[in-house]
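What follows is a single structure, written as structure tokens, with notes after it.
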Amino acid sequence: MDIKMTHKFLTWILTFIWVLTVSFLSSADAETSLNGYIKLDERVLTEDAGEYSWNRATLGLKVKSELSEEVAGYGEMKIITKDYPDINSPSDLTSKSNVTPVDMELREAYLDVFGFPFPSTDLRAGKQRIAWGTADRLNQVDNLNPFDFSDIVELGKKIPTNSIKLTNYLGDNTLTAAMIPVFTPAVMPTTYDNYISTTVANNLPSGMRLTTLESRVTLPQNKLENSMFAAKLSRSILGYDMSLSYFSGYDNIPNLANLTLTAVSLTQVSAEVTQNYPKIQAFGYDLAGSFRGIGLWAEIAYLKTDNFIQEVVLNKITTTEVTTAEVKDYIKYTLGFDYTFPNDFYINTQVMHGFFDERGKDLSDMLLTRLEKKIFNEKIKLTFTWLGDYDHKFIGNLFWPQITWYPAEATEIQLGSLSIHGEIGSKLEIMETLDQVYLQAKYSF
Numbered sequence: 049m050d051i052k053m054t055h056k057f058l059t060w061i062l063t064f065i066w067v068l069t070v071s072f073l074s075s076a077d078a079e080t081s082l083n084g085y086i087k088l089d090e091r092v093l094t095e096d097a098g099e100y101s102w103n104r105a106t107l108g109l110k111v112k113s114e115l116s117e118e119v120a121g122y123g124e125m126k127i128i129t130k131d132y133p134d135i136n137s138p139s140d141l142t143s144k145s146n147v148t149p150v151d152m153e154l155r156e157a158y159l160d161v162f163g164f165p166f167p168s169t170d171l172r173a174g175k176q177r178i179a180w181g182t183a184d185r186l187n188q189v190d191n192l193n194p195f196d197f198s199d200i201v202e203l204g205k206k207i208p209t210n211s212i213k214l215t216n217y218l219g220d221n222t223l224t225a226a227m228i229p230v231f232t233p234a235v236m237p238t239t240y241d242n243y244i245s246t247t248v249a250n251n252l253p254s255g256m257r258l259t260t261l262e263s264r265v266t267l268p269q270n271k272l273e274n275s276m277f278a279a280k281l282s283r284s285i286l287g288y289d290m291s292l293s294y295f296s297g298y299d300n301i302p303n304l305a306n307l308t309l310t311a312v313s314l315t316q317v318s319a320e321v322t323q324n325y326p327k328i329q330a331f332g333y334d335l336a337g338s339f340r341g342i343g344l345w346a347e348i349a350y351l352k353t354d355n356f357i358q359e360v361v362l363n364k365i366t367t368t369e370v371t372t373a374e375v376k377d378y379i380k381y382t383l384g385f386d387y388t389f390p391n392d393f394y395i396n397t398q399v400m401h402g403f404f405d406e407r408g409k410d411l412s413d414m415l416l417t418r419l420e421k422k423i424f425n426e427k428i429k430l431t432f433t434w435l436g437d438y439d440h441k442f443i444g445n446l447f448w449p450q451i452t453w454y455p456a457e458a459t460e461i462q463l464g465s466l467s468i469h470g471e472i473g474s475k476l477e478i479m480e481t482l483d484q485v486y487l488q489a490k491y492s493f
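Everything in the sequence shown is counted per the numbering used here, starting at 49 for the first residue and increasing by one.
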């Protein structure tokens, strides 16, 4: 294990050094930039007697090289110390990779070819983030990259994936087309297992107790026929940037396709859960602009489903009951505005109809508001964020105060906390265990 981890680490480092060396030496006229950051992140759960949930140091490296006017390359990688020692047996104490575990992530690596295959067209190929939409984190038309729900502090974060993108400039219009060869699922939050357990418990017959729970996931096959495609036409009209988009692919958040409950006695049942990733088509429209100093944006998506089934099977001692629900076509949207007052007090508010993981007609409504104010010659920024889940009344609330200190150039230190409360059935109910206090420091170079 130690040798394997060391080999993996050296491979990543040598590959990145090779890329840097080639970037610098392959052309005397090359314009190459290297930058990055160092980030420290400590978090303590307040619901679990002060347990550390994060204990990380991250080195991020970014390199961009333009070898000519026609070709450029970009790469970004992260080296992250894991939260705790990975010790499961005495023999693990002899392994440095277990005592001080390190994770490495190739965030992006792509090649730009300008004026190819046509003079007015640019090609980008490789692992990349293709961001569509105008909303602040709460996007509805940003379907090309899967979600990364591993960190609640980075709500709405996406994972770059291998893809090919063509951008064609047609006068005042820009036409973008993309192909994603292989499906990548979303990274689900640490509370996801609890969500599955809660969903199963809510479907148990009255008086029955769960004995065992088995769960399986089915991904789309890695075949050409399952490749995903998207296109977007954008332009500016009357000072507003707007676009029409289309996506044909798969929902990257798992769907609970089948729940089978089997009675093993008069009071006990076992459960089997099957999850899949349904095929969807998304038709989107977004715009952004300003009116009298007020920033405005909107996103709306019409989701067309294909054989999107959710089924519950109850095998009783003598009979079987099957309940099937088909998710029909539905609409999701986000509306938002921001404004900076004369005293530099900033407000950002958005309404989101249909949270990231929701489908069908019965969608929740979320309200996100962020307030910011810089003080002491902009050395300190006070931020307060509130996320509310409302259904005629607020049934869930997330409170998120944060203080950011800028002690020197390119340096910031953040102290913040998350407090989450949700009634039964609220979108935020399952997240209550994530209450935490965090301290982060970041230096960019």
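Idealized CB from N, CA, C, for every residue including glycine.
Own chain partners of residue i with C-beta closer than 6 angstroms, once the 5 adjacent residues on each side are dropped
i, result
"S318", "T259, T260, T310 and V312"
"R407", "V375"
"L463", "I451 and L487"
"G578", "With the chain covering only 49 through 493, there is no way to say anything about residue 578."
"W448", "T433 and L466"
"E153", "K126"
"A346", "L335 and L383"
"D386", "G343 and N396"
"S492", "Y85 and A458"
"R185", "L203 and G204"
"L93", "E99, S101 and Q484"
"A279", "A225 and Y294"
Rounded Cβ spacing between residue i and residue j (contact assumed at less than 8 angstroms)
i, j, result
"F197", "Y298", "In fact, because the Cβ distance is near 17 angstroms, the residues do not count as touching under 8 angstroms."
"S293", "V189", "5 angstroms"
"D413", "V399", "7 angstroms"
"E124", "R155", "4 angstroms"
"D483", "I461", "About 22 angstroms separates the two Cβ atoms, so there is no contact after all."
"I328", "T353", "6 angstroms"
"M290", "S282", "7 angstroms"
"I86", "N242", "Their Cβ separation, rounded to whole angstroms, is 34 angstroms, which puts I86 and N242 out of contact at 8 angstroms."
"W453", "K490", "Actually they are not in contact, since the Cβ atoms of W453 and K490 sit about 11 angstroms apart, beyond 8 angstroms."
"P326", "P233", "That pair is no contact at about 12 angstroms."
"E95", "T481", "6 angstroms"
"Y378", "H401", "Rounded, the Cβ-Cβ distance is 10 angstroms, inconsistent with contact."
"L476", "D437", "5 angstroms"
Residues bridged to residue i (per DSSP)
i, result
"Q398", "G384 and L416"
"M227", "I212 and F277"
"F442", "Y438"
"R257", "Q316"
"I127", "L107 and M152"
"R283", "M290"
"D160", "A120 and R172"
"P449", "F432"
"R264", "T322"
"V235", "D196"
"T371", "V360"
"I423", "I428"
"F295", "A278 and A330"
Range of the contiguous beta strand (DSSP E) that encloses residue i
i, result
"K327", "K327 to F339"
"A173", "T169 to Q176"
"I244", "First-last for I244: Y240 to N250, but that is the alpha helix (DSSP H), not the beta strand (DSSP E)."
"K144", "No beta strand (DSSP E) contains K144, which is instead part of the alpha helix (DSSP H) from K144 to V147."
"E480", "From DSSP, E480 is part of no beta strand (DSSP E); its letter is neither H nor E."
"D377", "Here D377 belongs to no beta strand (DSSP E), and DSSP marks it neither H nor E."
"S500", "The shown model of the chain, from 49 to 493, leaves out residue 500, and the question about it has no answer."
"A183", "Neither: A183 is in no beta strand (DSSP E) and is coded neither H nor E."
"E359", "I357 to N363"
"G204", "No beta strand (DSSP E) holds G204; DSSP gives it neither H nor E."
"Y85", "E79 to L93"
"T308", "N303 to A311"
"L351", "I342 to D354"
Neighbourhood of residue i by C-beta distance below 8 angstroms, restricted to the same chain and skipping five residues each side
i, result
"V370", "E359, V360, V361 and L362"
"T169", "G163, L214, T215, N216 and Y217"
"F393", "L419, E420 and K421"
"N251", "L307, L309 and V360"
"E117", "F162"
"V515", "Residue numbering for the chain in the displayed model covers 49 to 493; residue 515 lies beyond these limits and cannot be assessed."
Chain C within 9 angstroms of residue i, Cβ atoms only
i, result
"H469", "You won't find chain C in this structure, because it holds only one protein chain."
Neighbourhood of residue i by C-beta distance below 7 angstroms, restricted to the same chain and skipping five residues each side
i, result
"A305", "T322, Q323, N324, I357, Q358 and E359"
"I244", "S263 and V321"
"R257", "T315 and Q316"
"L267", "F231, P233 and Y325"
message = Does the contact criterion of 3 or more C-beta pairs under 8 angstroms hold for the segment 161 to 176 versus the segment 202 to 212?
response = Touching, per the Cβ criterion.
query = Quick one: any contact between the segment 216 to 234 and the segment 264 to 281, if contact means 3 or more CB pairs under 8 angstroms?
reply = Short answer: they touch.
query = Quick check: the segment 157 to 169 against the segment 114 to 123, are there 3 or more CB pairs under 8 angstroms?
reply = Contact holds: three or more Cβ-Cβ distances are below 8 angstroms.
query = Is the segment 439 to 448 close to the segment 335 to 351, with three or more CB pairs under 8 angstroms?
reply = Too few Cβ pairs lie closer than 8 angstroms, so no.
inquiry  = With three or more C-beta pairs closer than 8 angstroms as the rule, is the segment 125 to 139 touching the segment 90 to 104?
reply    = Output reads yes: the segment 125 to 139 touches the segment 90 to 104.
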